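J.: Protein chains in written order, with this note's numbering: chain A, 1 to 118; chain B, 1001 to 1110. Yeah, the Cβ is synthetic: ideal placement off N, Cα and C, and Gly gets one too. Please read these numbers as outputs of a predicted model, since none were measured by experiment. If you scroll down you'll find the structure; I have some questions about it.
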């Protein structure tokens, strides 16, 4: 069964914001890094950012200023928020966990389709 | 950060060996040993098959092997099987909090 479960599909207007959740087990949440990767329709994988245990986060340069990553310790859930959505943000967004400093994205969520449409 | 360069497609016959290249720069592949490879079937999430350049997660077939030389990493699939038909992506740590993926390679089994 999935160790990482994401929230459902979203449809947003251009300029709006979206927040996606990624629920894990306590052991993963407290130890592993949680990365976000997106894939536009028919395209390749693109790195988005990372949430570390304890709260620090990092963002790929493409998303600086628009990306918000956060954690809820009461539910072992990591959140990814993206603001000022553009048509080209339409993609499947995945969360994936990494055992620290291995550079390996081990467990992936099922993906969340975000559609930006007017 | 520009995407790592992979061939768009590679094909091989059943039982054959194929190699997929992944070319980066001295800022990513050339500077770090954190290169990983992912297999993705249509409509599915990617699955890691190689990490730290050469290591295989448990449960991944030993027909998959990875290597690195300079700014280029490679994935070799030996004894090609029908179930290996998929998209393959390389990924490298690029310093700080950044990672970069490859452009992706579609593997076709003839």
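#1: Where does residue 1029 of chain B sit, in a helix, a strand or coil, going by DSSP?
#2: Would you kindly report the start and end of the unbroken alpha helix (DSSP H) that includes residue 12 of chain A?
#3: What residues in the region 1088–1107 of chain B bring their beta carbon closer than 9 Å to a beta carbon of chain A?
#4: Name the DSSP bridge partner or partners of residue 1069 of chain B?
#5: Evaluate the contact criterion for the region 72–80 of chain A versus the region 1012–1031 of chain B: three or more CB pairs, one atom per stretch, below 8 Å.
#6: Residues of chain B with CB closer than 9 Å to the CB of residue 106 of chain A, please, in chain order.
#7: Nearest to residue 1031 of chain B by alpha carbon, out of B/1065, B/1006, B/1052?
#8: Step through the CB atoms of chain B and report whether any lies within less than 8 Å of the CB of residue 10 of chain A.
#9: Helix, strand or coil for residue 1011 of chain B, going by three-state DSSP, please let me know.
#10: Which residues mark the beginning and the end of the alpha helix (DSSP H) in which residue 29 of chain A is found?
#11: Could you tell me whether any Cβ in chain B is nearer than 8 Å to the Cβ of residue 34 of chain A?
#12: Could you pull out every residue in the same chain whose Cβ sits closer than 7 Å to the Cβ of residue 1084 of chain B, ignoring the five residues on either side in sequence?
T.: In brief:
#1: The sequence position of residue 1029 of chain B within the second chain is 29, counting from 1. Of the three classes helix, strand and coil, the one that applies to residue 1029 of chain B here is coil, per DSSP.
#2: Residue 12 of chain A sits at position 12 when you count from the first residue of the first chain. From DSSP, residue 12 of chain A is part of no alpha helix (DSSP H) but of the beta strand (DSSP E) over 10–12.
#3: From the region 1088–1107 of chain B, only 1089, 1091, 1092, 1093, 1094, 1096, 1097, 1098, 1099, 1100, 1101, 1102, 1103, 1104 have a Cβ closer than 9 Å to chain A.
#4: Working through the second chain from its first residue, we reach residue 1069 of chain B at position 69. DSSP links residue 1069 of chain B through a beta bridge to B/1072.
#5: The region 72–80 of chain A, when compared against the region 1012–1031 of chain B, does not touch it at the 8 Å Cβ threshold.
#6: By one-based count along the first chain, residue 106 of chain A stands at place 106. The answer, in chain order, is 1048, 1051, 1057.
#7: Within the second chain, the letter at position 31 stands for residue 1031 of chain B. It is B/1052 whose Cα lies nearest to the Cα of residue 1031 of chain B.
#8: Numbered from its first residue, the first chain carries residue 10 of chain A at position 10. Closer than 8 Å: no.
#9: Taking the first residue of the second chain as 1, we reach residue 1011 of chain B at position 11. Look at residue 1011 of chain B here: in three-state DSSP terms it is strand.
#10: In the first chain, the residue the question calls residue 29 of chain A occupies position 29. For residue 29 of chain A, the uninterrupted alpha helix (DSSP H) segment begins and ends at 26–31.
#11: As a first step, residue 34 of chain A must be located in the first chain, where it is residue number 34. It does not: the Cβ of residue 34 of chain A has no partner Cβ on chain B nearer than 8 Å.
#12: Locating residue 1084 of chain B in the second chain gives position 84, where the first residue counts as 1. Short of 7 Å from the beta carbon of residue 1084 of chain B, and not among the five residues preceding or following it, lie these beta carbons of its own chain, in chain order: 1077, 1107, 1109.
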